[in-house]
Every structure is written in structure tokens, then in C-alpha cells.
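For the protein sequence lines, the chains are A and B, in the order given. Under the working numbering, the residues of the first sequence are numbered 19 to 222, in order. Under the working numbering, the residues of the second sequence are numbered 19 to 222, in order. Glycine included, every Cβ here is placed at the ideal spot set by N, Cα and C. These notes concern the structure reproduced below.
2 protein chains.
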Amino acid sequence: MSGLRARQKADRHRRIIEAAAALFRDTGYEAAKIETIAAQAEVSVGTIYNYYQNKGDILGAIVSMEVNEVLNAGRGVVANPPANVGDALDTLLGIYIEHSLHYLSKEMWRQAMAISTQLPDSPFGQAYTALDRALTEQIRALIARLQAIGLVRRDIDGQALGELVFNNMNMMFIEFVKRDGARIAELRAAIRRQNRILVAAIAA
Amino acid sequence: MSGLRARQKADRHRRIIEAAAALFRDTGYEAAKIETIAAQAEVSVGTIYNYYQNKGDILGAIVSMEVNEVLNAGRGVVANPPANVGDALDTLLGIYIEHSLHYLSKEMWRQAMAISTQLPDSPFGQAYTALDRALTEQIRALIARLQAIGLVRRDIDGQALGELVFNNMNMMFIEFVKRDGARIAELRAAIRRQNRILVAAIAA
DNA sequence: CATAAAAACGGAATTGACTCAATTTTAGAA
DNA sequence: TTCTAAAATTGAGTCAATTCCGTTTTTATG
């Protein structure tokens, strides 16, 4: 099948992503020209389009790595949640939010979110939707865990609750990245306040 | 001040919006070329950019009309809500959702949402955020009304609850417009299911 | 080792949103 | 009515993403 070709392919993928990530970070997504990414990655413009369908997909590859890290970090909380419903939710959502600006700027998030709704059927659009679902599922898993421990009432609809919590956080995060001045601490406080209503309703 | 000039201005605005709305509906937002809109509206490309900062703002003007209609329709429900918390929420959100595809296709919604996160400081970006806030406020007003009537506990944080309900609905709506196959009835059912948790928590 | 098919590359050409300097139109003062 | 400054229009030009297709590289085969 393939030795050299596969190796070159992987290498070019890596070079393109690295060049793009650096440029996006330094100059912003909009200002980063494909031509510049190509030059930096030492491939041609045409080759980039051989690897990614469009500029958004390049950003998508970077965002996906980020969100997968977040999902990974969340596993620890689900396995070992704080012994209090409010804190458990706050800790998990806190991990999502705090990690979120580690590698990606607000502008990159805005672009990524925009592309995922603009082109929901592009490779990145589908990947982004899958990531959202994975995050929802992780919140649902936390709730199930809390139900098992006996901190959350058993008769609560865990699926619906997970969706509610994720959707609210996600929408708040969207508004957060839209304002360059918005601070993480305020975002978390606002979400805690909203979740307080839920916590009161579901605590055993 | 101005008779002729103001009249011509208003007329051109109208012609541009009408031409754009027709084109967006027929060929989709992406496929609609500014050149074509200009030709149809009998103005030049430059003039369009005199009236709107960018292509997205043209769509924005159309979306704003739609959302304002929805807000208007919602007033009736707030003034005279069904005598049951779950039904009251379902009725108001139902109006939002059912109206939403009256003038705008799913593709137009996707584009509008994408632009509003991509360019949050453009005229449309700001207008869209304001519309979201107005919808949140209307939901909050409904909750306050239900509290006044005695259907919702007085000690509930109405502001936070309104945000929670709006954010969840909005996120569900975003996912809804991302799937061309998604049906309104299913969307409403899913939201009702999610709100059931809240309703149980807040009913007096 | 030669060779033909397949895969990937390169970069010039295309496309469409947006800009800008020149021109035309309008308001209203003389 | 005539004239002038301000306001608005125009469309050719710019810019960057994306496409297209001829050329080069890799693989598989005899």
C-alpha cells in the first residue's frame, strides 16, 4: 500500500496545521492568508486544498484537538465528582470554560462557531456538532453519576437535564466570546446563578 | 431638510431589501451575488455598500423585521398567558419557533447566526444580540407575570430562569436550523421535555 | 529495472465581495 | 433662475479564497 506517500502526507498535514495555528494566533484567522500558510508550511496553495476543503476546516482541525483535550480533562470530574451537586456542575463546566482559551483566542472561537453553523455539513461542521454532543453526553454522565451516588433524585430526566445544562452553558459561552471584554470569572458566576435554579430542583 | 432625497433613499432601501429577500429565498444567501441584487434593485454595487456595510447587513435587515414581528406576537401571550406554567412557556416559545420559518429559510437563519457571531460588532451583529436580549426579556416578563398571578413561586430568580429558558431554546433552534431534515414538531417536543424539569421546580 | 496507472502537487486563472476616485444629483442661497 | 457645496451614485479595480488542470512523484506490475 503505502510507506513514503503516507509519511509525506502525515508530515504535510502536520506542517499545515502548525503553520496555520501559529498564524491564526499571531495575526488572527481573518488576516491569515492561505498563501502565507502555504509558504510557511512549504506546500502550494493547491495542496492545502487537497488536504482541507476550505480555510474553515483548517481551523476546525485545531479546534477539534482543543475540545478533545477538554473532554479528556472532564473525565476526571465525572469519575470523581465533588460531593455537592452545585459544585460538581461548576467544576465540570469550569474545566470546559477555563481550558477553552488555552490555545484558541476568542476570535478563533467566533470563527469556528460561525463556520459550524454556516456549513453544518462540511467535515468541520459535522465534527463540531459531534463535539457538542460529546460534551452534552459527558454532562449527562456526571448527572447519572450523581444520581448513582444519591446526590440527585433518581426520578429526574437525566438526558433532558444534561441538554439543558449544556445548551445554557454553550449559549453563555457564545455570548462570552462575542465580547472581547468579557471575563471568565463573570461568565462562570452567571452560569452558577442560572444553574442554582436547577440544582434546587434536582438535589435529593 | 429633504423631500426628494429622503424619498429616493427610502425607495432605494426598499428596492434593495426586496431584491435581496427574493434572491436569498430563491437561490440562497451564498449563491446570491451583490451584482445581481444591485441589478434587480436598479442601483449600482457601490450604492448597495452605501446603504449596507456588507452582504450580511442586508440579510440582517430582513432578519430584524422577522424577529420584531415575533416579539410583537409574543406580547399577546405575556399579557394573557395560559393558566398553567408549562403551557404558558410552550405557547410563547411556540410562537417564536412557528413564526421563525415564515419569511426566512433555514439557510438564511444559519447565515444570520453565523454572521452575528463572526462579526459581533457590525451593525447586524449588534442588532442580533439586542434581539436575543429582547426575547430573553420577554420570557422574563412572562415569568414575572406568572409570579404575579401566583403560578410561579415568588422566590424564584426570574432573571436567571428567563436566561436559562431562552438559552436552551435558542441552542435547540440553532441545532434545528443546522439540519435541513429537522421538523418543528420534534423541536417543540424536545424543548417541552427539557422545560418540564424547570416547570416542576418553579410551579407554585 | 522499465513503465503505466494513480495520486498528489503547483500555481495560474477564476470568482465574488468590497473599495475608491471620478462623476452626477440635490438643496438651497443669492 | 443660476450657482455652489454637500451628498450620493457609479463601476472599474483590488484582494483573497477557491478551482482547475497540466506536470511531477509514487506505487504497482511485468
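Residue 126 (chain B) is outside the set of residues whose beta carbon lies under 9 Å from a beta carbon in chain A. For residue 90 (chain A), the nearest beta carbon of chain B is not closer than 9 Å to its own beta carbon. Taking C-beta separations shorter than 8 Å and ignoring five residues to either side along the sequence, the partners of residue 80 (chain B) in its chain run 35, 38, 39, 42, 121, 122 and 126, following chain order. By DSSP's assignment, residue 28 (chain A) forms no beta bridge with any residue. Beta-carbon to beta-carbon, residue 192 (chain B) and residue 131 (chain B) are separated by about 6 Å, close enough to satisfy the 8 Å threshold. The alpha carbon of residue 171 (chain B) has as its nearest neighbour, out of B:222, B:27, B:94 and B:110, the alpha carbon of B:222. Of the other Cβ atoms in all chains shown, fewer than 16 fall within 10 Å of the Cβ of residue 45 (chain B); this residue is therefore exposed. Put simply, the CB of residue 45 (chain B) is far from chain A, with every gap to its CB atoms at 9 Å or more. A direct Cα-to-Cα measurement between residue 184 (chain B) and residue 154 (chain B) gives close to 6 Å. The closest CA to that of residue 177 (chain B), considering only A:211, A:145 and A:67, is found on A:211. For residue 71 (chain A), no alpha helix (DSSP H) segment is defined, and its DSSP state is neither H nor E. Between residue 63 (chain B) and residue 33 (chain B), the CB-CB gap reaches or exceeds 9 Å.
The continuous alpha helix (DSSP H) containing residue 141 (chain B) extends over residues 141-167. Around the beta carbon of residue 116 (chain A), fewer than 16 other beta carbons sit within 10 angstroms, so the residue counts as exposed. If you compare the alpha carbons of B:49, B:169, B:142 and B:190 with that of residue 204 (chain B), the shortest gap goes to B:190. Taking 9 Å as the cut-off, the Cβ atoms of residue 196 (chain B) and residue 124 (chain B) count as close. With respect to residue 78 (chain A), residue 140 (chain A) sits close: the two C-beta atoms are nearer than 9 Å. A residue is called buried once 16 or more other Cβ atoms fall within 10 Å of its Cβ, and residue 84 (chain B) is buried on that count. Under the criterion of beta carbons closer than 8 Å, residue 119 (chain B) and residue 186 (chain A) do not qualify as touching, at roughly 24 Å. The alpha carbon of residue 158 (chain A) has as its nearest neighbour, out of A:200, A:26, A:89 and A:133, the alpha carbon of A:89.
Going by DSSP, residue 218 (chain B) is part of the alpha helix (DSSP H) stretching over 202-220. When Cβ-Cβ separations below 9 Å define contact, residue 195 (chain A) makes contact with chain B. Residues of chain B whose Cβ lies closer than 7 Å to the Cβ of residue 155 (chain A) do not exist; the shortest such Cβ separation is about 15 Å. Counting only the Cα atoms, residue 152 (chain B) lies some 26 Å from residue 47 (chain B).
Sequence-ordered contacts of the region 172-183 of chain A with chain B read 174, 175, 178, 179, 181 and 182 [C-beta pairs closer than 8 Å]. The DSSP-derived three-state label of residue 170 (chain B) is strand. Taking C-beta atoms as the reference points, residue 30 (chain A) and residue 96 (chain A) fail to come closer than 9 Å.
Distance from the CA atom of residue 145 (chain A) to the CA atom of residue 70 (chain A), rounded to whole angstroms, is 14 Å. Interface residue (Cβ-Cβ distance to chain A less than 9 Å): residue 129 (chain B) is classified as such. Under the 10 Å beta carbon count, residue 213 (chain B) is surrounded by 16 or more other beta carbons and is classified as buried.
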